[in-house]
Structure formats: C-alpha cells, structure tokens
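Enquirer: Let me begin by handing over the structure; questions about it come next.
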Amino acid sequence: MSDFEHDDLLFAAAADYRADTTPLIKPQGVVAAHQTVRHRKRVRTAAVAASVVTATLIGGAAYASLTGTPQRDPQPAASSTAVPVFPSPDDPSPSSSSSHAPTTVRLDAHALAEATIDLPVRKVGAQDCPSGPTKFHGGKAGAITEIKDVTGVDLDGDGTAEAAVLISCRPGEGGLGQVLGLRRTPSGGWTTLGVVAQVESGEGHGEHLASVTQVDSSKPGEVRVLVGDYETTYTDTSGGPIGLSQWRVYGWNGTAFAQTGGSPTFAFDRATAAVEVKVSPLGFGAAAGSRRKADLTVRLEMPSVPETDKPIRVLVSLPDGFVIDHQGCEQRDNWMLCDAGLLSPGAYTLFMQVSIPSGWSLDQVRESLGYSRVYVRVGDQEYGRYEMTATFS
Numbered sequence: 000m001s002d003f004e005h006d007d008l009l010f011a012a013a014a015d016y017r018a019d020t021t022p023l024i025k026p027q028g029v030v031a032a033h034q035t036v037r038h039r040k041r042v043r044t045a046a047v048a049a050s051v052v053t054a055t056l057i058g059g060a061a062y063a064s065l066t067g068t069p070q071r072d073p074q075p076a077a078s079s080t081a082v083p084v085f086p087s088p089d090d091p092s093p094s095s096s097s098s099h100a101p102t103t104v105r106l107d108a109h110a111l112a113e114a115t116i117d118l119p120v121r122k123v124g125a126q127d128c129p130s131g132p133t134k135f136h137g138g139k140a141g142a143i144t145e146i147k148d149v150t151g152v153d154l155d156g157d158g159t160a161e162a163a164v165l166i167s168c169r170p171g172e173g174g175l176g177q178v179l180g181l182r183r184t185p186s187g188g189w190t191t192l193g194v195v196a197q198v199e200s201g202e203g204h205g206e207h208l209a210s211v212t213q214v215d216s217s218k219p220g221e222v223r224v225l226v227g228d229y230e231t232t233y234t235d236t237s238g239g240p241i242g243l244s245q246w247r248v249y250g251w252n253g254t255a256f257a258q259t260g261g262s263p264t265f266a267f268d269r270a271t272a273a274v275e276v277k278v279s280p281l282g283f284g285a286a287a288g289s290r291r292k293a294d295l296t297v298r299l300e301m302p303s304v305p306e307t308d309k310p311i312r313v314l315v316s317l318p319d320g321f322v323i324d325h326q327g328c329e330q331r332d333n334w335m336l337c338d339a340g341l342l343s344p345g346a347y348t349l350f351m352q353v354s355i356p357s358g359w360s361l362d363q364v365r366e367s368l369g370y371s372r373v374y375v376r377v378g379d380q381e382y383g384r385y386e387m388t389a390t391f392s
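The sequence shown runs 0 to 392 under numbering that gives the first Met the number 0.
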C-alpha cells in the first residue's frame, strides 16, 4: 500500500469514527466523565489560503511529494474484499504434512453475528460493558455493544484459521474498541484466546491506547490493529490530523497476545535520530490595508546519520482569522502539511507568510495562538510540538 493510499485509509477511518460519534450522547457515571473529557472539541484553527511558501531541502533527501496524515503501514494491508476464513467443525484435523495449509470453510462477514463470546473484563468501561459469556444477536449484545469487524487468520500456527474480532462498546460519546482472538470449537462455538488490543485508561498525551478502530491480517500468525492516541478521539479535526494513528502488529505467543511489529510508542525515540527544530517568532509588520503580515520559518537540522529512514513531516495549524500563504504543502481545512522527505543528515527549511486582520491587538494574537503548535512527525510517531510566538513592529 502506498503512502497516499494509506493516508486516504486513515482519513476515511477518521471520518467513519466521527460519523459513529457524532450523536454526542450525554452519558452518566465515571466512564461518562472519561469519555466526555477525551472527546471534547478542541479549539478550531485557521482557514488556509493557497499562495506562496518555499520549502527547500539542503544536503539530505530530495523534496518529496506531499501526503496526508503522517502514518505508514508496517506492512501491506489485506484486500478489503477478503472473506474471513474459519475451520469447519466437521472437517478433519489437518495433516502434519500439509505445511500448515489451513483446512477451512469460508463463512460470510457475519459469521459471529449470532455467536456467544466470552468477553474479558475491559480496562475502560468495565462497569457498563458486558463481560463473561455474552450472546450476540445480529452482531449486537444489548444497546451499546457491537461486533465492528472480523478477520480470519491462523493465530496459533496449527494450520487452521481462528478469528480476530473487533468489538465496540459505547457507554458514552465514543466507542471503546477491544480486539479479541477467538478459536473455533469442535461443536461450532467459539472460545476466547485472549485480548489482542483494547482501549486503555489515561488522559492527555500519554502512551495509552485511546482508540482501537480497525483489525485485519495479511499473513498467518499476525493481527494488525489500527490504534490511536488521545487526540484521535477529537471530533473536530479542522485544525489538522493532530492525532496519531498507527497500525500495530500482534502475535500469539502461546499464552497471550504481544506486539510483534509496528511502532511501539506514539512518541519518537530521540536516541535513534537527533533533530534540531527552530521555529521563528511571528514578527507582524505595520498594517497594509486590511491585513498584517509576518513570516514564519521552521528549520529542521539533522546532523547525524539516523537509525531509521522514516519520512519526516511538518504540520502547521493556526487559529481562526489567520491566513497562511503557501505553495507545495498540502492544505486541508485549517492546517497545512509539508513533507521533508526521508529522515537523513542535512537541513530542511520551510518558509511561509501568515496574515491576520489589521484590527487585531497583539494581546488578541497571542491569546489566539495559545492552542496552536508546529508539529514535527517522524513516520507515524511524534518527534515534538512547538509553540508559536508573536510580536508587532
């Protein structure tokens, strides 16, 4: 899957997630408070106009074409048209000489719609979401629990296909995703191997999984799960794809599921590559007509050879009333995204011109910039976020 196709997938996933959480239900209780805080709408950021910004890359990778959200699959995704494959309870056990070629029958995507599944207690939502043996009808168990996705994959290397299933429970504003590994029983039922990944408790910019929204597999022994940090739960994305989404890969080790691929954290490990980031102050000149203008420069310096060749990207988002003139960087809603190519020794400088209404005071500008940042991403991880300051001359 190309970076462009992957970015489209993530934008689509974000759109699906927002559509699912748009009916902002006012919940009750502790989970309600957790969900309400997690899904609060953040400050909107500026309309972006197309004009003139020059981006140059000196002595490193050549300037690359721009893409959307800075994430990349650890491996190609399976075809979206694939049908889950499960063993038939009537089929004989596979021969030891079958080279682990699964003896399976194909079931439709609703294979678990009427299943009874032993649901583990959730890390978040345990008081509202069901646990223990739970009967599903039409893919749902009660009013707030639903099977969202299922994929067939040989999880334990026995030559037959198990199931990885995404189950969402929505006690508040947003769904709490939990991915389980299931094994088919001889009687045609299902037994739970364990939890692959699930939404975890936490607030702010931590390493907990705040969203679990997709599951698939592209080869035996691996389950790929789309997870996201705290900011992927925001319903207002006008300020840019600030949340980090990652495809993480998990495998069964005989007793539990553990991560085997993909980024291990949302924060980039700076020990693997040093990047010096310099963001210039916004020095606004005298008003010219209805606008005041200022130049913004973002400079990245990479003095050493990094241990990774992941792409490095810069995301700039500004408040309402600000306008950015730029060229070559992707614009969407109120933000712009610039691709600096692969992380490599050298320097990358991004120049842009920002304007504000001439009637604004300096205090008003500084207050508006309070929630705005320059975000630097390496692959699907965040290197850092940097404040913007302003002066008047």
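For every residue, glycine included, the Cβ atom is placed at its ideal position computed from N, Cα and C.
1) Between the Cα of residue 252 and those of 213, 226, 269 and 192, spot the shortest distance and give me the residue it belongs to.
2) I need the boundaries of the alpha helix (DSSP H) containing residue 155, first residue and last residue.
3) If distances are taken between C-alpha atoms only, which option among 194, 220 and 139 comes closest to residue 114?
4) Confirm, please, whether the CB-CB distance from residue 324 to residue 367 is below 9 Å.
5) In this structure, how does DSSP classify residue 126 when only helix, strand and coil are distinguished?
6) Which one of 234, 200 and 220 has the shortest CA to CA distance from residue 122?
7) Name the residue from 126, 128 and 283 whose alpha carbon lies nearest to the alpha carbon of residue 356.
8) Beta-carbon within less than 6 Å of residue 293's beta-carbon, same chain only, minus the 5 sequence neighbours each way: which residues are those?
9) Just verifying my parser: in three-state terms, what is the DSSP assignment at residue 362?
10) Rank 184, 163 and 197 by C-alpha distance to the C-alpha of residue 176 and give the top, closest one.
11) What does a CB cutoff of less than 6 Å around residue 384 pick up in its chain, not counting 5 residues either side in sequence?
12) Which of helix, strand or coil does DSSP assign to residue 210?
13) Where does residue 401 fall in DSSP's three states?
14) Leaving out the 5 sequence neighbours to the left and right, which residues in its chain are closer than 7 Å to residue 137 when beta-carbon positions are compared?
15) Using beta-carbon positions only, say whether residue 339 and residue 311 come within less than 9 Å of one another.
16) Would you give the residue range spanned by the beta strand (DSSP E) that residue 315 belongs to?
17) What whole-angstrom Cβ distance do residue 170 and residue 127 have, given they're in contact under 8 Å?
18) Out of 386, 133 and 148, state which residue places its alpha-carbon closest to the alpha-carbon of residue 120.
19) Answer with buried or exposed for residue 277, where buried requires no fewer than 16 other C-beta atoms within 10 angstroms of its C-beta.
20) Helix, strand or coil for residue 394, going by three-state DSSP, please let me know.
21) Could you check what DSSP says for residue 368 in three-state terms: helix, strand or coil?
22) Secondary structure at residue 133, three-state DSSP: helix, strand or coil?
23) Within 10 Å of its beta-carbon, does residue 390 have 16 or more other beta-carbons around it, so buried, or fewer, so exposed?
24) Out of 361, 254 and 129, which one is the CA nearest neighbour of residue 142?
25) Helix, strand or coil for residue 229 per DSSP?
Expert: Straight from the coordinates:
1) Ranking the options by Cα distance to residue 252, first place goes to 192.
2) Segment: none, residue 155 is in no alpha helix (DSSP H) and carries neither H nor E.
3) Per the Cα distances, 139.
4) No, the pair does not count as a contact, with Cβ atoms beyond the cut-off.
5) Coil, per DSSP.
6) The option with the nearest alpha carbon to residue 122 is 200.
7) For residue 356, the closest alpha carbon among the candidates 126, 128 and 283 is that of 283.
8) Exclusion of the five residues before and after residue 293 leaves 281, 282, 283 and 353 as the residues of its chain whose Cβ lies within less than 6 Å of its Cβ.
9) In the structure shown, residue 362 sits in a helix (DSSP, three-state: H, G or I).
10) Residue 197 is the option with its Cα nearest to residue 176.
11) The residues are 372 and 374.
12) Under the three-state reduction of DSSP, residue 210 is assigned to strand.
13) The structure shown does not extend to residue 401, since the chain spans only 0 to 392, so no value can be given for it.
14) So the qualifying residues of the chain are 112.
15) With contacts defined by Cβ atoms closer than 9 Å, residue 339 and residue 311 form a contacting pair.
16) Residue 315 -> beta strand (DSSP E) spans 310 to 316.
17) Contact flag correct, Cβ pair sits at about 4 Å.
18) Comparing Cα positions, the closest option is 133.
19) Flag for residue 277 reads exposed.
20) One cannot answer for residue 394 here, as it falls past the ends of the chain, which runs 0 to 392.
21) Helix.
22) Residue state, collapsed to three classes: strand.
23) Exposed, because fewer than 16 other Cβ atoms sit within 10 Å of the Cβ of residue 390.
24) Of the candidates 361, 254 and 129, 129 places its Cα closest to the Cα of residue 142.
25) In the structure shown, residue 229 falls within a helical segment according to DSSP collapsed to helix, strand and coil.
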